[in-house]
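Peer 1: Take this structure, written in structure tokens, and hold onto it; I'll ask about it next.
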Amino acid sequence: MARFALVALLLLLAPMASAQVTDVYNFETTQQEQRFQDLIEELRCPKCQNQNIADSNSPISKDMRAEVYRRMRAGESNDQIVGALVDRFGEFILYRPQVEKRTILLWATPAIAVLGGLLVVIGVIVRSRRQTNETPELTAEEKARVAKILAEDDQDKRA
Amino acid sequence: MKRFFLFLPLLIAVVLGVVLFAGIGKDPTKLESALIGKPVPAFSLKDLNTPETQLNETLFKGKVQLLNVWGTWCPACRDEHDDLMWLAEDEGVSIVGLNYKDNRDDALVWLDRLGNPYSTSIYDPRGTLGFDLGVYGAPETFVIDEQGVVRYRHVGVVNEKVWRETLLPVINDIRENG
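This is the structure we're talking about:
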């Protein structure tokens, strides 16, 4: 019961944690508003280690939101807007860094990990297949022993 | 070959260890400026002391200078002020001040009371030049060469240690190698 109450309390408090950003921007269409929202959600606040500028209250995030809005109003494309901010604050602000020579390893790591895992699995399967396919060959001596044991077994049953 | 695979986990652990160890002690709040190697952005702002004087980016041509971003609202700026005075008066360093998101009266009282280490002070109440410089928190100090190109950015307080170990070597490098 106490645990349930705690969970309920945390759930009630959760919206308060993210409902502090108060500045209001006006848009003509909901698409524009959505575009603005998408943009500020994928830009990272340079002052706060891991928060996007949509959630952050820091003065610099406020300035960045205003700049995104101003540039959107001026008719710039998403790439132009993001590019203008990266020119000032660096690639740190990108949650999804550009794919280029320097970041290729970062982007390729999941694929490399999956590929490595697949190779291991394939290796294990191939090895176990090979073992079951090998029909055990008996030497003539062993065959004679088998026949003898089976014969004795028959005699026991008859007795 | 089989024996090699036995050592693979050890190898991975060692490589990961080296990579992660290199990251220990790095301060993640300090970012390298995106402006390094680029000229100071164009601007047109008033002088803090004389509002009728209009300043622009040509201010940074001709000699190696520091650009110090500060505001009276910034406690760490108070901490470094005495060291900036020492740099300007005893070490003969030319420091341009960028009064960032502040108001003129407060700033002038501050400089009057604590001393003025700045050869020139740019008044940027709305933080436009600060934004173009990628300033994300005061104090920040830029090293700018005689061509007006940003060579280094230090985030945080400047003190004797930062000057000796970080800023002075950058300035010496500019003077020796251009």
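Residue numbers (the working numbering), protein chains in the order written: chain V, 1 to 159; chain R, 160 to 337. Note that CB positions come from ideal geometry on N, CA and C, so glycine has one too.
#1: Could you round the C-beta distance between R/A297 and V/F89 to whole angstroms and report it? I think they count as a contact, below 8 Å.
#2: Using a Cβ-Cβ cutoff of 9 Å, what residues of the stretch 163-175 of chain R are near chain V? List them in chain order.
#3: For V/G117, decide whether its Cβ has a neighbour in chain R, counting only Cβ atoms nearer than 8 Å.
#4: Name, please, each residue of chain R whose Cβ falls closer than 7 Å to the Cβ of V/D38.
#5: By the three-class DSSP mapping on this structure, what secondary structure does R/D291 have?
#6: Three or more C-beta pairs closer than 8 Å, one from the stretch 298-309 of chain R and one from the stretch 213-230 of chain R: is that the case here?
#7: Spatial neighbours of V/K143 within its chain, please: CB distance less than 7 Å, with the 5 preceding and 5 following residues excluded, ordered by chain position.
#8: Between R/V317 and R/E239, is the Cβ-Cβ spacing less than 8 Å?
#9: Check the Cβ-Cβ distances between V/K143 and every residue of chain R, and say whether any is below 8 Å.
#10: For the stretch 84-108 of chain V, which residues have a beta carbon sitting closer than 8 Å to at least one beta carbon of chain R?
#11: Check each candidate in R/I281, R/K320, R/R237 and name the one with the smallest Cα separation from R/T212.
#12: With DSSP collapsed to three states, give me the class of R/F301.
#13: In chain R, which residues lie less than 8 Å from V/P46 when you measure between Cβ atoms?
#14: What are the boundary residues of the alpha helix (DSSP H) that includes V/R96?
#15: Check this for me: beta carbons of R/L288 and R/L204, under 8 Å apart or not?
#16: Where does R/T212 sit, in a helix, a strand or coil, going by DSSP?
#17: Suppose you measure from the CA of V/P15 to the CA of V/D55; what does that come to, to the nearest Å?
#18: Bridge partners for R/H313 per DSSP, in chain order?
#19: Can you pull the chain R residues whose beta carbon is under 8 Å from the beta carbon of V/D63, in chain order?
#20: Any beta-carbon of chain V closer than 8 Å to the one on R/P187?
#21: Listing by chain order, which chain V residues have their CB less than 8 Å from the CB of R/A247?
#22: Note down, one range per segment and in chain order, each alpha helix (DSSP H) of at least 4 residues found wholly within the stretch 215-250 of chain R.
#23: Could you give the distance in angstroms between the alpha-carbon of V/L150 and the alpha-carbon of V/A140?
#24: Taking Cβ-Cβ distances shorter than 8 Å, what residues in chain R pair up with V/E67?
#25: Give a yes or no on whether 8 Å exceeds the smallest Cβ distance from V/I81 to chain R.
#26: Closer than 8 Å is the cut-off here; do at least three beta carbon pairs connect the stretch 64-73 of chain V with the stretch 81-97 of chain V?
#27: Between which two residues does the alpha helix (DSSP H) carrying V/Y69 extend?
#28: If R/M244 sits next to R/G274, beta carbons under 8 Å apart, how far is it from one beta carbon to the other, in whole angstroms?
#29: In three-state terms, what does DSSP make of R/I171?
#30: Can you give me the Cβ contacts of R/N227 inside the same chain, cut-off strictly under 6 Å, excluding the 5 residues immediately before and after it?
#31: With 16 other CB atoms within 10 Å as the buried threshold, where does R/K260 fall?
Peer 2: Walking through what the data contain:
#1: Contact flag wrong, Cβ pair sits at about 15 Å.
#2: Within the stretch 163-175 of chain R, no residue qualifies.
#3: no
#4: What V/D38 touches in chain R: nothing, since even the nearest Cβ is about 22 Å away.
#5: helix
#6: With contact defined as three or more Cβ pairs closer than 8 Å, the stretch 298-309 of chain R and the stretch 213-230 of chain R are in contact.
#7: none
#8: Yes. Within cutoff.
#9: no
#10: For the stretch 84-108 of chain V, which is checked against every Cβ of chain R, the residues closer than 8 Å are V86, D87, R88, F89, G90, E91, F92.
#11: R/I281
#12: DSSP, reduced to helix, strand and coil, places R/F301 within a strand of the structure shown.
#13: L190, G293, Y295
#14: Here V/R96 belongs to no alpha helix (DSSP H), and DSSP marks it neither H nor E.
#15: Taking 8 Å as the Cβ cut-off, R/L288 and R/L204 qualify as a contacting pair.
#16: In the three-state scheme derived from DSSP, where H, G and I count as helix and E and B as strand, R/T212 is classed as coil.
#17: Confidence in V/P15 is poor, its pLDDT being 49 and thus under 50, which makes the residue's placement too unreliable to answer from.
#18: Looking at the DSSP output, R/H313 sits in a beta bridge with R/T300.
#19: For V/D63, the chain R residues whose C-beta falls within less than 8 Å of its own C-beta are G286, F290, listed in chain order.
#20: yes
#21: Here the premise fails: no neighbours, minimum Cβ distance about 28 Å.
#22: 234-248
#23: 15 Å
#24: F290
#25: no
#26: These segments touch.
#27: From DSSP, the alpha helix (DSSP H) with V/Y69 extends over 59-73.
#28: 5 Å
#29: helix
#30: Excluding residues within five positions, the ones whose Cβ falls inside 6 Å are I254, G256, T300.
#31: buried
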